[in-house]
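Here our numbering is used: the first residue of the sequence shown is 54, the next is one more, and so on.
Below: the structure, in structure tokens.
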Amino acid sequence: MTELEELLREVLVHAPNAPEPMVIRYLREAAQELCRRTLVWRASDVIRVVSPECEGILSIQDAQIHKVETAILNGRPLEAVTVAKMDELEPGWGRRYGNDQAQARWAVQTMPNTITVVPRETGDLDVRMVLLPSRDALTVPDFLADQYGTAIGKGAAARILTINDDEFANPPLGAALAQEWRMLLDELSFQAQRTQLRTKPRTRPNFF
Numbered sequence: 054m055t056e057l058e059e060l061l062r063e064v065l066v067h068a069p070n071a072p073e074p075m076v077i078r079y080l081r082e083a084a085q086e087l088c089r090r091t092l093v094w095r096a097s098d099v100i101r102v103v104s105p106e107c108e109g110i111l112s113i114q115d116a117q118i119h120k121v122e123t124a125i126l127n128g129r130p131l132e133a134v135t136v137a138k139m140d141e142l143e144p145g146w147g148r149r150y151g152n153d154q155a156q157a158r159w160a161v162q163t164m165p166n167t168i169t170v171v172p173r174e175t176g177d178l179d180v181r182m183v184l185l186p187s188r189d190a191l192t193v194p195d196f197l198a199d200q201y202g203t204a205i206g207k208g209a210a211a212r213i214l215t216i217n218d219d220e221f222a223n224p225p226l227g228a229a230l231a232q233e234w235r236m237l238l239d240e241l242s243f244q245a246q247r248t249q250l251r252t253k254p255r256t257r258p259n260f261f
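Here it is in structure tokens:
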């Protein structure tokens with residue numbers, strides 16, 4: 054992992070008077086936006102699901118889950134869904150599956166770092182996820198800093214330079230950097246969509 058402090062220079066070259074805490078904040082927000090738009094931060098983890106809630110908590114440092122792509126519990130595939138999708142599929146599922154009563158079928162992301170197995174079942178949950186830097190992250194993955202550090206710096210600087218503060222505001226430069234940032238996000242997002250279209254669709258698990 055790379056400290057966000059190591060990316061300070063990417064912002065200060067555009068906004069030299071910006072205070073460090075502000076720079077760190079906007080670096081984090083720019084990194085979150087990039088990961089959300091482009092889905093570039095993917096990771097796998099084995100999460101221990103324990104009783105009584107049958108929830109597993111992400112163990113990856115300075116990260117939060119944006120999307121669960123695949124989930125396998127004790128060697129058996131589950132369907133990864135959001136709370137909204139689960140409500141659509143199984144209205145009242147929280148009450149219906151309140152106790153251990155059947156084999157797990159779904160992996161539901163109930164909170165930013167928490168996955169709940171429904172119906173309740175314990176074991177090892179092998180998940181592949183799209184991640185974002187967490188709300189209080191002080192580090193980002195090395196690849197994110199190496200490949201996108203300059204762009205993230207521009208995204209952060211664009212925000213800082215358009216803040217209504219005469220000490221370090223520079224709206225024309227901020228607008229130019231913001232345009233560069235949006236163009237990069239659009240390009241990377243388009244590439245991510247093309248990659249997904251080329252990927253063979255995941256087969257829904259069968260439950261017998």
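Where is the CB? At the ideal position from N, CA and C, for every residue including glycine.
{"query": "Is the beta carbon of ASP195 less than 9 Å from the beta carbon of THR55?", "result": "yes"}
{"query": "Going straight from the alpha carbon of VAL103 to that of LEU126, what length do you get?", "result": "12 Å"}
{"query": "If contact is defined by three or more beta carbon pairs under 8 Å, each pair taking one atom from either stretch, is the region 66-81 in contact with the region 205-212?", "result": "yes"}
{"query": "Where do the N-terminal and C-terminal ends of the beta strand (DSSP E) with GLN200 fall, by residue?", "result": "Not the beta strand (DSSP E): GLN200 falls in the alpha helix (DSSP H), residues 195-214."}
{"query": "Terminal residues of the continuous beta strand (DSSP E) containing MET54?", "result": "Careful: MET54 lies outside any beta strand (DSSP E) and carries neither H nor E."}
{"query": "I want to know whether the region 236-243 touches the region 215-225 - three or more CB-CB distances under 8 Å.", "result": "no"}
{"query": "Buried or exposed: which applies to ALA68, given that a residue is buried once 16 or more other Cβ atoms fall within 10 Å of its Cβ?", "result": "buried"}
{"query": "Would you call GLU174 buried or exposed, if buried means 16 or more other Cβ atoms sit within 10 Å of its Cβ?", "result": "buried"}
{"query": "Between ALA228 and ALA190, what straight-line distance do the alpha-carbon atoms span, to the nearest angstrom?", "result": "26 Å"}
{"query": "Quickly, what does DSSP pair SER97 with across the bridge? List them, please.", "result": "ARG181"}
{"query": "Hey, would you say the C-beta of GLN162 is under 8 Å away from at least one heavy atom of the ligand ATP?", "result": "This structure lacks the ligand ATP, and indeed carries no ligand of any kind."}
{"query": "By how many angstroms is the C-alpha of ALA71 removed from the C-alpha of LEU65?", "result": "7 Å"}
{"query": "Could you spell out the range, first to last residue, of the alpha helix (DSSP H) harbouring VAL64?", "result": "61-65"}
{"query": "Confirm, please, whether the CB-CB distance from TRP159 to LEU178 is below 9 Å.", "result": "no"}
{"query": "Are there 16 or more other CB atoms within 10 angstroms of the CB of GLU58, so buried, or fewer, so exposed?", "result": "exposed"}
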